[in-house]
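Taking it in order: structure first as structure tokens, then the write-up.
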Amino acid sequence: MNVLPRPAFWPDTGTSAGITAEPDLTESGVSGLQDIPPFSGSPYVVLNNNQPDFDAADLTTVSFETYSELDSLGRCGTAIACIGTDLMPTGERESISQIRPSGWQSVKYDSVDGNYLYNRCHLIGYQLSGENANEKNLITGTRYLNVEGMLPFENMVADYVQETGCHVLYRVTPVFEGNNLVASGVQIEAESVEDQGASILFNVYCYNVQPGISIDYATGDSSPAAE
12 MNVLPRPAFW PDTGTSAGIT AEPDLTESGV SGLQDIPPFS GSPYVVLNNN QPDFDAADLT
72 TVSFETYSEL DSLGRCGTAI ACIGTDLMPT GERESISQIR PSGWQSVKYD SVDGNYLYNR
132 CHLIGYQLSG ENANEKNLIT GTRYLNVEGM LPFENMVADY VQETGCHVLY RVTPVFEGNN
192 LVASGVQIEA ESVEDQGASI LFNVYCYNVQ PGISIDYATG DSSPAAE
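Okay, structure coming up:
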């Protein structure tokens, strides 16, 4: 495998949850969502040689956020935002416990950090958008997806925007198979706008899995994985 050039901006530490490991954006040879390999121990895989597929019209220095309507099964669609400091929150996150995303179940396992298998996962993270209980921006995601998969990329973008005052175009697409209520994973794409991706540029797929737990994505049911 070839290692992609290191972006000009890359924080040494995370901002929200003590994350210290920087994302490994090693080229995977995976061209797109149709070629996603089975989960094999890494929380994410690089897509399309790390190149996002944005429309030129969306690469603006004016902050915005757009969320898809829920589909007939109550599932979230793509969320896209141009992240700037004016979009980011200035206060603490409010409760989102009243939102029940598609496939939601409140279940605990001793093997899971924090015990709860599922989190209400923001597509566009709160630290980026300031969105609280927006049902169009919350999916049923494992603790592993939330912390090991998505958070390092959210932290990278948040740190860059806060330190430079520049903008990052950021898109998250939940991937559902058939009529499944729980997403198999999420695609995250990002590009720093002012420098045409010289600082932030990635296209990754994060797996909605929890090591040691078997998940029925059709319903959200789960059980300990067979040894």
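Quick note, the working numbering runs 11 ahead of the 1-based positions in the sequence shown. Cβ atoms here follow ideal geometry from the backbone N, Cα and C, with glycine treated the same way.
The alpha helix (DSSP H) spanning Y137 covers which residue range? 137 to 140
From L70, C217, S117, P49, residue whose alpha carbon lies closest to that of T184: C217
Helix, strand or coil: which one does DSSP assign to Q62? coil
Quick one: any contact between the stretch 69 to 77 and the stretch 92 to 107, if contact means 3 or more CB pairs under 8 Å? yes
By the DSSP assignment, the alpha helix (DSSP H) with V168 in it spans what residues? 162 to 175
Beta-carbon proximity list for N191, same chain, < 8 Å, skipping 5 on both sides: G114, Y228, A229
Under the three-state reduction of DSSP, which class applies to A28: helix, strand or coil? In this predicted model, A28 has a pLDDT of only 36, less than 50, meaning its place in the structure is not dependable; the value taken from the coordinates is given anyway. Residue state, collapsed to three classes: coil.
Which same chain residues, not among the five before or five after V197, have their C-beta less than 6 Å away from its C-beta? V183, P185, C217
I believe N157 touches N130 by the beta-carbon criterion, under 8 Å. Please report the beta-carbon distance rounded to the nearest angstrom. 4 Å
Cβ distance (whole Å) where C87 is taken to contact L134 below 8 Å: 6 Å
Starting from the C-beta of F50, find all residues in its chain whose C-beta is less than 6 Å away, skip the five residues before and the five after it, and write them out in chain order. Y218, V220
What residue range is occupied by the uninterrupted beta strand (DSSP E) comprising F187? From DSSP, F187 is part of no beta strand (DSSP E); its letter is neither H nor E.
Are Y127 and I224 touching if we call contact CB-CB under 8 Å? no
Per DSSP, what kind of secondary structure is R86 in: helix, strand or coil? coil
I'd like to know whether the C-beta atoms of N152 and C132 end up nearer to each other than 8 Å. Inspection of the sequence shows that residue 152 is occupied by Gly rather than by Asn. Result yes, Cβ atoms of G152 and C132 sit closer than 8 Å.
Contact under 8 Å by Cβ, R104 with N143: yes
Same chain, Cβ closer than 8 Å to Y181, five either side skipped, listed in chain order: I91, A92, C93, I94, I135, L139, V168, I199, E200, A201
Report yes if the C-beta distance between I150 and A194 is below 8 Å; otherwise report no. yes
Return the first residue and the last residue of the beta strand (DSSP E) that E202 is part of. 196 to 203
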